[in-house]
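Below is one structure; the comments refer to it alone.
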Amino acid sequence: MSATNGQSLPELKLYNTLTRAKETFVPLEPSQVRMYVCGPTVYDFAHIGNARPVIVFDLLYRLLRHLYGAEHVKYVRNITDVDDKINARAASEFPGLDLNEAIAKVTFTTEAQFHDDLEALGVLHPDVEPRATEHIAEMRVLIERLVASGHAYVAEDHVLFSVPSMPDYGQLSHRPLEDMIAGARVDVAPYKQDAMDFVLWKPSKPGEPGWLSPAGIAVPGRPGWHIECSAMSWKHLGETFDIHGGGIDLVFPHHENEVAQSRCAFHANIMAKVWMHNGFLQVEGEKMSKSLGNFVTIRDLLADWPGEVLRLNMLKTHYRQPIDWTVKGLEESAKTLEQWFDAAAPDAYPRPAAAVLEALADDLNTPKAIAEMHALKDHAGKKALAGTLAFLGFEPGPFREWAAAQAPELTIPEAEIEARIAERIEARRNRDWAASDRIRDELMALGVALKDNKDGTTTWEPKR
């Protein structure tokens with residue numbers, strides 16, 4: 000890979016779920032890197048688990064833009080706006096409205112909430128953010144192709160994908176058929192030819208959103224979940240593309256079924272060259288669930304913490320590993336950011352330090368990158384640290400405002416603090432350590448924490 004802005008670029012290596020190996024990344028086309036990531040189903044506030052793939056693939060997007068040039072990277076993250084959960088939420092929240100009007104209110108409001116949350120997390124907008132309902136025509140085309148080629152069939156106004164028609168179905172998840180059947184929570188339906196067959200299209204119930212159905216079906220219907228992403232990725236990235244990402248929970252059945260639909264529709268060996276998945280998230284050591292009372296939304300957390308802290312807390316763990324989301328971890332992340340911003344230059348061009356870039360190019364090794372950032376802080380790399388922070392999406396302004404709001408009210412005038420510090424410096428010069436310690440302790444009792452710096456100066460801050 001060539002150098003840019005005088006910086007030698009490392010070789011990018013990514014772990015591929017499809018091959019179960021870390022591979023050197025080579026784009027399908029040298030002039031364009033194309034990435035698709037599954038986005039939210041917009042019916043409620045996004046929870047902190049939803050934030051993990053968004054932050055992880057935002058980091059990859061930033062890295063790809065740095066390595067290949069922003070004009071050569073296309074990132075698509077979809078919005079799912081047709082779903083049973085959306086219908087149920089709309090009906091319960093707006094019982095007096097026509098269901099379609101109610102759905103529009105729910106989806107547009109929820110999408111706006113999602114965007115506000117991501118902005119606070121320092122997440123860049125993708126190049127394209129397609130809505131499923133805007134791509135029904137593409138879904139019908141794919142379904143018609145699958146029926147025509149014998150990979151799908153019509154039964155009782157449904158269209159289903161025939162899993163036995165694809166001999167190597169299951170390559171992505173690497174699971175035995177018995178495990179896939181159990182994991183899919185297969186719907187028992189008399190019209191299915193095989194238990195593993197899955198829905199591409201289904202008839203709409205009275206009052207539900209419905210569209211002209213494919214394959215000669217007379218009644219209006221709506222798409223299955225899996226076909227949506229196949230259609231949107233095809234529309235915006237082509238029949239095959241470079242990277243497909245999402246949470247580990249999507250490997251089966253969602254991503255496995257995407258692969259089946261797209262490969263069979265286009266008679267292709269692959270859908271995406273590299274499949275990347277982030278690990279699960281727990282809260283305080285337990286699986287997040289509403290029944291346990293530990294279901295935490297991004298919006299809930301942003302009420303108490305700045306987005307920069309949430310972002311760093313997410314990146315401290317390697318993306319493929321499970322993460323335990325704890326208050327202690329958030330407190331440590333806040334302290335780390337405070338140290339970095341204090342040590343960094345006031346501003347710098349967003350550009351990662353060489354050692355940080357090397358770590359990120361090794362399958363987004365963020366723990367190693369963070370260790371390198373600590374080294375920059377400790378060795379006076381002020382400009383490099385500032386540039387790296389900006390590149391990674393950390394802005395000092397919102398964090399500083401939050402930190403200032405957390406600081407307790409001082410019970411002693413600043414002029415008196417400075418006078419006491421000067422008195423303490425004089426005591427230390429005279430080797431009167433007892434007086435030095437006494438002044439430090441007295442100020443601490445008044446809510447003032449002192450810090451003796453390597454250059455001989457003493458600074459202070461309100462004690463938290």
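Numbering (numbering that gives the first Met the number 0), first residue to last: 0 to 463. No residue lacks a Cβ here, since even glycine has one placed at the ideal position from N, Cα and C. What you are looking at is a predicted structure, and each value in this text was computed from that prediction instead of being measured.
The ligand GDP heavy atom lying under 7 Å from the CB of residue i
| i | result |
| --- | --- |
| Ser435 | The ligand GDP is not part of this structure, which contains no ligands at all. |
Spatial distance of residue i from residue j (CA atoms)
| i | j | result |
| --- | --- | --- |
| His225 | Pro321 | 25 Å |
| Tyr168 | Ala389 | 43 Å |
| Tyr35 | Gly244 | 6 Å |
| Ala421 | His378 | 28 Å |
| Ala414 | Met443 | 16 Å |
| Ala418 | Pro461 | 16 Å |
| Thr264 | Ser148 | Thr is not the amino acid found at residue 264; the sequence shown has Ala there. So the alpha carbons of these two residues sit roughly 8 Å apart. |
| Gly455 | Arg439 | 16 Å |
| Glu137 | Ala333 | 46 Å |
| Val258 | Ser229 | 8 Å |
| Asp156 | Trp274 | 33 Å |
| Ile216 | Val187 | 22 Å |
| His150 | Leu120 | 42 Å |
| Ile416 | Gly292 | 45 Å |
| Arg139 | Pro366 | 44 Å |
| Ser7 | Ala354 | 11 Å |
| Glu128 | Leu449 | 49 Å |
| Asp346 | Thr387 | 11 Å |
| Ala267 | Asn312 | 40 Å |
Candidates the options, of which the one nearest residue i by Cα
| i | options | result |
| --- | --- | --- |
| Arg51 | Arg319, Lys21, Ala352, Thr456 | Arg319 |
| Glu394 | Ser288, Val308, Leu445 | Val308 |
| Arg310 | Val55, Pro26, Cys37 | Val55 |
| Thr109 | Gly121, Leu291, Ile85 | Ile85 |
| Gly380 | Leu391, Leu363, Trp339 | Trp339 |
| Ile247 | Leu11, Asn256, Ser30, Thr16 | Thr16 |
| Tyr152 | Met138, Leu176, Gln192 | Gln192 |
| Asp115 | Ala344, Pro94, Leu301, Ala333 | Leu301 |
| Ile242 | Glu10, Tyr14, Ala259, Arg33 | Arg33 |
| Leu59 | Ala344, Asn452, Leu356, Ala45 | Leu356 |
| Glu400 | Ile369, Asp303, Thr106, Asn452 | Asp303 |
| Ala79 | Val105, Glu330, His65, Tyr348 | Ala is not the amino acid found at residue 79; the sequence shown has Thr there. Nearest option by C-alpha distance: Val105. |
| Pro213 | Ser172, Ala267, Leu236, Val158 | Val158 |
| Glu283 | Lys327, Ala111, Ala87 | Lys327 |
| Leu336 | Pro397, Ala267, Asn77 | Pro397 |
| Leu145 | Ser435, Ala434, Leu11, Asn256 | Asn256 |
| Met270 | His276, Phe24, Gln260, Gly278 | Gln260 |
| Gln170 | Phe24, Ala344, Arg262 | Arg262 |
| Tyr190 | Arg423, Ala154, Asn77, Arg174 | Ala154 |
Delimiting residues of the beta strand (DSSP E) encompassing residue i
| i | result |
| --- | --- |
| Glu10 | It is not in any beta strand (DSSP E) - Glu10 carries neither H nor E in the DSSP assignment. |
| Ile247 | It is not in any beta strand (DSSP E) - Ile247 carries neither H nor E in the DSSP assignment. |
| Thr457 | 457–461 |
| Trp324 | 322–324 |
| Val218 | Note, Val218: premise wrong, no beta strand (DSSP E); not H, not E. |
| Tyr348 | No beta strand (DSSP E) contains Tyr348, which DSSP labels as neither H nor E. |
| Met34 | 32–36 |
| Thr23 | 20–23 |
| Ala448 | 447–451 |
| Pro202 | 197–202 |
| Gln192 | Element bounds for Gln192: n/a, residue is neither H nor E. |
| Asp27 | Correcting the residue type first, residue 27 is Leu in the shown sequence and not Asp. Run containing Leu27: none; DSSP gives neither H nor E here. |
| Leu280 | 280–282 |
8 Å contact criterion, which residue i and residue j should meet: CB distance rounded
| i | j | result |
| --- | --- | --- |
| Ala352 | Glu371 | 7 Å |
| Asp196 | Phe160 | 6 Å |
| Arg221 | Ser203 | 5 Å |
| Lys201 | His134 | Not really, about 17 Å apart at Cβ, beyond 8 Å. |
| Gly223 | Leu249 | In fact, because the Cβ distance is near 15 Å, the residues do not count as touching under 8 Å. |
| Phe113 | Val218 | The pair is not a contact, with the Cβ atoms about 33 Å apart (cut-off 8 Å). |
| Thr457 | Phe44 | Not a contact, Cβ separation roughly 45 Å. |
| Asp126 | Val53 | About 15 Å; that fails the 8 Å criterion. |
| Leu391 | Gly446 | About 33 Å; that fails the 8 Å criterion. |
| Thr239 | Leu66 | With a Cβ gap of about 21 Å, Thr239 and Leu66 do not count as contacting. |
| Gly48 | Met287 | 6 Å |
| Leu280 | Gly206 | Wrong, their Cβ atoms sit about 36 Å apart, outside the cutoff. |
| Ala101 | Ala90 | 7 Å |
| Lys376 | Ala342 | 4 Å |
| Lys21 | Leu11 | No, Lys21 and Leu11 are not in contact; Cβ-Cβ is about 11 Å, not under 8 Å. |
Extent of the continuous alpha helix (DSSP H) to which residue i belongs
| i | result |
| --- | --- |
| Trp233 | 224–236 |
| Asn293 | Asn293 -> no alpha helix (DSSP H), and no H or E assigned at all. |
| Phe265 | 255–265 |
| Asp436 | 432–444 |
| Met309 | Residue identity differs from the one stated: residue 309 is Leu in this sequence, not Met. Run containing Leu309: 306–314, per the alpha helix (DSSP H) assignment. |
| Val273 | Per DSSP, Val273 belongs to no alpha helix (DSSP H); it is in the beta strand (DSSP E), 271–277. |
| Leu359 | 353–360 |
Would you mind listing the alpha helix (DSSP H) stretches within the region 105–176 that are 4+ residues and don't spill past its ends, in chain order?
Taking only runs of at least 4 residues, the alpha helix (DSSP H) segments lying wholly in the region 105–176 are 135–147.
Entirely enclosed alpha helix (DSSP H) segments - the region 373–415, minimum 4 residues:
381–390, 395–405
Of all the beta strand (DSSP E) runs that stay within the bounds of the region 38–101, which reach a length of 3 or more residues?
72–76
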